[in-house]
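Visitor: Once you've had a glance at the structure underneath, I'll fire off some questions.
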Ligand SMILES: [Zn+2]
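Numbering (this note's numbering), first residue to last: -5 to 131.
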């Protein structure tokens, strides 16, 4: 893969339903989304690493006051969506939407529950765009 180690490549990977991060060839540190250099050893000897997308829920919040783009998808005060922090089995934490759960009964959503990455697509200004979501595994 000749893609630059940046967020754009990360988003392009997501369009192909792939969770692309990087690994430092010097010290083995891993990053998701990708970084242009390693903040552990300050080297830029990076290589692509595809994450499997399995992990567990670390924290989450219900979003009731939604941005316009989400309101257009039907979310709002009566239909909140969930954003969570997920710790992947590889050891990194990433923020994504939590789907396939009862958003109106957040007490049913459990910290530590196993999750798997999913890459749903939405239309944004007439363009299909993938985003990162997690569903109960
Ligand atoms: Zn390093």
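Backbone N, C-alpha and C fix where the C-beta goes; we use that ideal spot for every residue, glycine too.
1) Compare the beta carbon distance of residue 26 and residue 109 with 8 Å and say whether it is the shorter of the two.
2) Relative to the alpha-carbon of residue 22, which residue among 63, 33 and 121 has its alpha-carbon at the smallest distance?
3) Look up residue 55 in the DSSP assignment and say whether it is helix, strand or coil.
4) Could you give the distance in angstroms between the alpha-carbon of residue 3 and the alpha-carbon of residue 112?
5) By a C-beta neighbour count over all protein chains shown, 10 Å radius and 16 as the cutoff for buried, is residue 39 buried or exposed?
6) If you measure from each CB to the nearest heavy atom of ligand 1 and keep those under 5 Å, what residues do you get, in chain order?
7) Can you give the Cα-Cα distance for residue 123 and residue 104, rounded to whole angstroms?
8) Please report the distance separating the alpha-carbon of residue 77 from that of residue 43.
Guide: On the basis of the data shown:
1) Here residue 26 is taken as the residue at index 32 of the chain shown, counted from 1. Here residue 109 is taken as the residue at index 115 of the chain shown, counted from 1. The Cβ atoms of residue 26 and residue 109 lie no closer than 8 Å to each other.
2) In the chain shown, the residue the question calls residue 22 occupies position 28. With distances taken between Cα atoms, residue 22 lies closest to 33.
3) As a first step, residue 55 is located in the chain shown; it is residue number 61 there, counting from the start. In the structure shown, residue 55 sits in a strand (DSSP, three-state: E or B).
4) Along the chain shown, read from residue 1 onward, the residue named residue 3 stands at position 9. Along the chain shown, read from residue 1 onward, the residue named residue 112 stands at position 118. Roughly 17 Å separates the two Cα atoms.
5) One-based indexing of the chain shown puts residue 39 at position 45. Residue 39 comes out exposed.
6) 18, 20, 21, 23, 32, 34 and 35
7) For the purposes of this step, residue 123 is taken as residue 129 along the chain shown, with counting starting at 1. For the purposes of this step, residue 104 is taken as residue 110 along the chain shown, with counting starting at 1. C-alpha separation (whole angstroms): 29 Å.
8) Counting from 1 along the chain shown, the entry for residue 77 is found at position 83. Counting from 1 along the chain shown, the entry for residue 43 is found at position 49. Cα to Cα, residue 77 sits roughly 24 Å from residue 43.
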